[in-house]
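Start counting the sequence shown at 1401; every next residue gets the next number (our numbering).
Just so you know, even glycine gets a beta-carbon here, dropped at the ideal spot from N, CA and C.
Scroll down for the structure; my scribbles are underneath it.
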Amino acid sequence: MKMFKNIWLLCLAFVTAGLVSCNDDDDAIDSAPISVLQVYLEDAEATVKDRPVEFARLGQTIRISGSGFRGMQKVYINGFDTYFNNAYVTDNNLILSIDTDTPVSDAPDSVRNTIRFVKRGTEYVYTFTIRAASPSITSIDNTLPMPGETVTVYGANLQETSKVTLPDGTEITGNAITNAPEDEDGEWFSFVMPHSIQGYGAITIECANGTAKSAEYFNNDKCMVLNFDGEGSQGFWSWSETGSMLGSEDVVDDPLNSGRGKVIDFVPSRLLSNGIAAGKSRATECWTAGNDDPMDDWSRMYSVIPDTTLLTDVAFQFDIYVPEAWVGTGHIQLCLMNNFNFGGIGSDDDADGKQTAFYCPWIQDGKAIPFKTAGWQTVTIPFSEFKKYASEIEEGKSPTFREVVEDRNAATYRNFGMGFVNTDFVFDGLSVTATIFKQHIYIDNWRVVPCKSEVISDFPDEEE
C-alpha cells in the first residue's frame, strides 16, 4: 500500500511538472512576437497558384507568411472579425479567406487597409490593401456627349474613382470627378465632358478597387446610321398631318440646345393634341432611306466592327430625351428592315426568328417605375437581343455581325426603323393595359457600336 502511494505521488509530481512546463510553453507562444514577411494569393486555377501580392480582394484566399502565428485568437481585416481555421495555422503561415462582408471604402480610416492579429499576450497590425471585387463599367450616359454635358458612368465597385482617361489620352482627375454617395456602393460616378476631345473608343478609370475599361463606344460615331443632321438619310412616304410616318416636318431643333443640332420628335406635337390612342399599334414610325442609299449597306462598317464580331459584342445605340415622366403605357419597337407592322410586344413582330427588338424603360424588374431623363441618355441594345439572334444563341449558335448585315442586304426593303407602339402587352412579368399617351419623346444619333467591355486583370501575366 505504501509502495502504491509513493508511485501515485511520483506520478502526480510528474504531471504537475508537466503542467507547469505546458503553461510555460503556452505563455511563450501567447507572448511570442508576431511578424509578417509577405502575403500570397492562393488560386488553384491561376497560372501562379501562390502569388506574392500587395493587395487582395473580398472573397479571395490568402496565405500570410511570417512568424508567431501559433496561438492566434483573432484576426481582424479592416476591423472585421475574420474567421480562420486553426488547422491552417502554423507558426510561420496562416491561411484564410477574406470575408465578402468585410468593409472596404466604408471601413473607418483607423482600420482601413490593415490586418490586425491578436493573441492572448500580444497583437500586431500589418498594413495591407484590401479591395472589393474588381471594378467594371456596364453603361455610360451618354456616349456621344457635347462639351459641357455631364457624363455618368455606371457599373460596379467604382468607389473613389480618382482618374478617368478618355480615348484621346485626356485625363480627368480630382474634384472634376463626382463619386456616388457611399450608400450607393460605387454604382456610378460622373464628370463633365471637356472641350476639343477628338478620339473615340474606350474610357479607362482608376478607383479604390483597381482599374476598369469601358467598351469602345465612347465618342464613337464611326458607324452612324442616322443623326438627322445630314449623316444618313431619313426615308418617309405617305406622310400626313395625322399619320404615323415621321418626316422632315418632325425633325426639330434639340430642345435642350446642347449643340446636337436636329433631332427627331418621336411622338410629335401634331399627334399630341388628341394623344396616342390606347390600343394603337404603329402609332409613329421613323425609317432610314433604304435600298439605294449607300449608308444602308452596313458592310461599310466592317473596318470598325469586323464581320466576325459576335452579336453579344456589337450593339445598336441611340440617344433619348424624355422631359416628362413616362410610365404606364407605350413602348418602342426597333426593326432591322422594313418588313414589320409595328405590332409591338406580344404581336407577330415579337416572334422568334424576327429581326426586331423592343425598348420599354419604365418597366424595371417587373415593376412600373416612371422614366424621365434630365438630359440626353444613351440606350444600348446588343444585336443579340433582337429576337432572331436571341433564339439562335439559345440554340447554341454564335451569330456574328455578318449575319445582321446579310439579313438586311437580302431584305426587299433594307430600311432600318423605329416606331412607337401603344398596345396592351406583357413585359418582364408585368401586364400593361394601354392608356392615352400624351407626351414628347426625342431621339437622336442612331448608330452601331462595339459593346464588349475589356476585363483588366490584376496580373498582366494572366491575361490571354
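inquiry  = For a quick check, are the C-beta atoms of alanine 1612 and serine 1536 less than 8 Å apart?
reply    = As a position in the sequence shown, residue 1612 is number 212, starting the count at 1. As a position in the sequence shown, residue 1536 is number 136, starting the count at 1. Yes. Within cutoff.
**OP:** Could you check how far apart the C-beta atoms of isoleucine 1572 and phenylalanine 1589 are, in whole angstroms? I think they sit under 8 Å.
**Re:** Along the sequence shown, one-based indexing puts residue 1572 at 172. Along the sequence shown, one-based indexing puts residue 1589 at 189. Incorrect: roughly 10 Å between the Cβ atoms, too far for contact.
If alanine 1689 and serine 1633 are in contact, beta carbons under 8 Å, what's the gap, nearest whole angstrom? Start at 1 with the first residue of the sequence shown, and residue 1689 comes out as number 289. Start at 1 with the first residue of the sequence shown, and residue 1633 comes out as number 233. Right, their Cβ atoms sit about 4 Å apart.
*asked:* Does the structure place the region 1541-1556 close enough to the region 1766-1780 that three or more beta carbon pairs sit under 8 Å?
replied: yes
Using a 10 Å radius around the Cβ and a threshold of 16 neighbouring Cβ atoms, would you call serine 1421 buried or exposed?
Locating residue 1421 in the sequence shown gives position 21, where the first residue counts as 1. At serine 1421, the pLDDT of 49 sits below 50, so the modelled position is not reliable; the number obtained from the coordinates is stated separately. Its Cβ having fewer than 16 others within 10 Å, serine 1421 is exposed.
_Need the endpoints of the alpha helix (DSSP H) that alanine 1456 sits in, please._
Locating residue 1456 in the sequence shown gives position 56, counting from the first residue. Where alanine 1456 is concerned, there is no enclosing alpha helix (DSSP H), although the beta strand (DSSP E) it sits in stretches over 1455-1457.
Taking the alpha helix (DSSP H) that alanine 1810 belongs to, which residues open and close that run? Taking the sequence shown and counting its residues from 1, the one referred to as residue 1810 is at position 410. Segment 1801-1810, the alpha helix (DSSP H) holding alanine 1810.
Among Pro1452, Leu1558, Val1855, nearest to alanine 1608 - alpha-carbon criterion: Within the sequence shown, the letter at position 208 stands for residue 1608. Closest by alpha carbon: Leu1558.
TODO: Can you give me the start and stop residues for the beta strand (DSSP E) that arginine 1463 sits inside?
DONE: One-based indexing of the sequence shown puts residue 1463 at position 63. Start and end: 1461-1467.
Which residue wins for smallest C-alpha separation from aspartate 1858, given the options Pro1433, Arg1457, Asp1430, Tyr1554? Looking up residue 1858 in the sequence shown gives position 458. Ranking the options by Cα distance to aspartate 1858, first place goes to Arg1457.
Original post:
Based on Cα-Cα distance, which residue from Ser1505, Val1832, Gln1473 lies nearest to glutamate 1582?
Top reply: For this step, residue 1582 is matched to residue 182 along the sequence shown. Considering only alpha carbons, the answer is Ser1505.
- Query: Is it true that the region 1444-1455 meets the region 1488-1505, where meeting means three or more beta-carbon pairs spaced less than 8 Å apart?
  - Reply: no
Own chain residues within Cβ distance below 6 Å of lysine 1838, not counting five before or after
Looking up residue 1838 in the sequence shown gives position 438. Excluding sequence neighbours, lysine 1838 sits near Leu1672, Gly1675.
Q) Who are the Cβ neighbours of asparagine 1738 in its own chain at under 7 Å, not counting the five residues just before and after it? A) As a working mapping, residue 1738 is identified with position 338 in the sequence shown. The answer, listed in chain order, is Trp1687, Gly1690, Tyr1813, Asn1815, Gly1817.
Three or more C-beta pairs closer than 8 Å, one from the region 1778-1793 and one from the region 1708-1715: is that the case here? yes
Legend entry - 8 Å Cβ cutoff met for valine 1804 and leucine 1710: The residue you call residue 1804 lines up with position 404 of the sequence shown. The residue you call residue 1710 lines up with position 310 of the sequence shown. No, they are not a contact pair.
- Item | Integer Cβ distance of arginine 1802 from threonine 1708, believed to fall under 8 Å | Your numbering for residue 1802 matches position 402 in the sequence shown. Your numbering for residue 1708 matches position 308 in the sequence shown. About 7 Å; that satisfies the 8 Å criterion.
Check: DSSP state of methionine 1701, grouped into three classes?
Finding: Walking along the sequence shown from the start, residue 1701 turns up at place 301. If DSSP states are grouped into helix, strand and coil, methionine 1701 belongs with the helices.
Open item on the list: Tell me which residues share the same chain as glycine 1635 and place their Cβ nearer than 6 Å to its Cβ, disregarding the 5 neighbours each side in the sequence.
Closed with: The residue given as residue 1635 occupies position 235 in the sequence shown. For glycine 1635, the CB contacts under 6 Å within the same chain, skipping 5 residues up- and downstream, are Trp1687, Thr1688, Ala1689, Gly1690, Asn1815 in chain order.
* Asked: For the putative contact between aspartate 1665 and tyrosine 1842, defined by C-beta atoms under 8 Å, what is the C-beta separation to the nearest angstrom?
  -> Locating residue 1665 in the sequence shown gives position 265, where the first residue counts as 1. Locating residue 1842 in the sequence shown gives position 442, where the first residue counts as 1. The beta carbons of aspartate 1665 and tyrosine 1842 sit about 6 Å from each other, so the pair counts as a contact at 8 Å.
**Report entry** Straight-line gap, phenylalanine 1786 to glutamine 1473 (C-alpha atoms, nearest Å)
**Finding:** Along the sequence shown, one-based indexing puts residue 1786 at 386. Along the sequence shown, one-based indexing puts residue 1473 at 73. Roughly 57 Å separates the two Cα atoms.
Query raised in the report: What residues in its chain sit with their C-beta under 7 Å from that of alanine 1768, if we drop five residues either side in the sequence?
Result: Here residue 1768 refers to the residue found at position 368 when the sequence shown is read from its first residue. Excluding sequence neighbours, alanine 1768 sits near Val1727, Gly1728, Trp1762, Leu1830.
Check: From this set, Thr1756, Asp1426, Glu1724, Thr1578, which residue's C-alpha is nearest glutamate 1587's C-alpha?
Finding: Translated into positions along the sequence shown, residue 1587 becomes position 187. Comparing C-alpha distances from glutamate 1587 to each of Thr1756, Asp1426, Glu1724, Thr1578 shows the shortest one belongs to Thr1578.
Exposure label - aspartate 1749; buried when at least 16 CB within 10 Å:
Taking the sequence shown and counting its residues from 1, the one referred to as residue 1749 is at position 349. Buried is the call here.
Glycine 1599 and asparagine 1619: beta carbons closer than 8 Å?
Working through the sequence shown from its first residue, we reach residue 1599 at position 199. Working through the sequence shown from its first residue, we reach residue 1619 at position 219. Yes, Cβ-Cβ distance for glycine 1599 and asparagine 1619 is below 8 Å.
Valine 1616 to aspartate 1654 span [Cα, whole Å]:
Position 216 of the sequence shown, counting from 1, holds the residue named residue 1616. Position 254 of the sequence shown, counting from 1, holds the residue named residue 1654. Just to set this straight, residue 1616 is glutamate in the shown sequence, not valine. Those two C-alpha atoms are separated by around 26 Å.
On the criterion of 16 or more Cβ atoms from any shown chain inside 10 Å, does glycine 1466 qualify as buried, or is it exposed? Against the sequence shown, residue 1466 aligns to sequence position 66. Glycine 1466 comes out buried.
- Query: Quick one: what does DSSP say glutamate 1685 is sitting in, helix, strand or coil?
  - Reply: Counted from its first residue, the sequence shown places residue 1685 at position 285. Strand.
Which whole-angstrom value is the C-beta distance of tryptophan 1698 and valine 1848, which I expect to be below 8 Å?
-> Taking the first residue of the sequence shown as 1, we reach residue 1698 at position 298. Taking the first residue of the sequence shown as 1, we reach residue 1848 at position 448. So it is a contact: roughly 7 Å between Cβ atoms.
May I ask you to list the residues that DSSP assigns as paired with histidine 1731? Against the sequence shown, residue 1731 aligns to sequence position 331. According to DSSP, histidine 1731 bridges with Val1821.
- Excluding sequence positions up to five away, which residues of its chain have a Cβ less than 7 Å from the Cβ of glutamate 1631? If you number the sequence shown from 1, residue 1631 lands on position 231. Cβ within range, chain order: Met1624.
query = Between the C-alpha atoms of phenylalanine 1758 and lysine 1680, what's the straight-line distance to the nearest angstrom?
reply = Counted from its first residue, the sequence shown places residue 1758 at position 358. Counted from its first residue, the sequence shown places residue 1680 at position 280. Looking at the two C-alpha atoms, the distance is approximately 16 Å.
* Sort Asp1450, Gln1755, Ile1856, Asp1824 by Cα distance to arginine 1799 and report the nearest one. => Locating residue 1799 in the sequence shown gives position 399, where the first residue counts as 1. Per the sequence shown, the amino acid found at residue 1799 is proline instead of arginine. Of Asp1450, Gln1755, Ile1856, Asp1824, the smallest CA-CA separation from proline 1799 is found for Gln1755.
Since I believe valine 1511 is in contact with asparagine 1478 (beta carbons under 8 Å), could you give me their beta-carbon distance rounded to a whole number of angstroms? If you number the sequence shown from 1, residue 1478 lands on position 78. If you number the sequence shown from 1, residue 1511 lands on position 111. Yes, they are in contact, since the Cβ atoms of asparagine 1478 and valine 1511 sit about 6 Å apart, within 8 Å.
Going along the chain, which residues of its own chain have a beta-carbon closer than 8 Å to the beta-carbon of threonine 1490, five neighbours each way excluded?
-> Against the sequence shown, residue 1490 aligns to sequence position 90. Hits under 8 Å: Phe1469, Arg1470.
Buried or exposed for serine 1703, going by 16 or more other Cβ atoms inside 10 Å?
For the purposes of this step, residue 1703 is taken as the residue at position 303 of the sequence shown. Serine 1703 comes out exposed.
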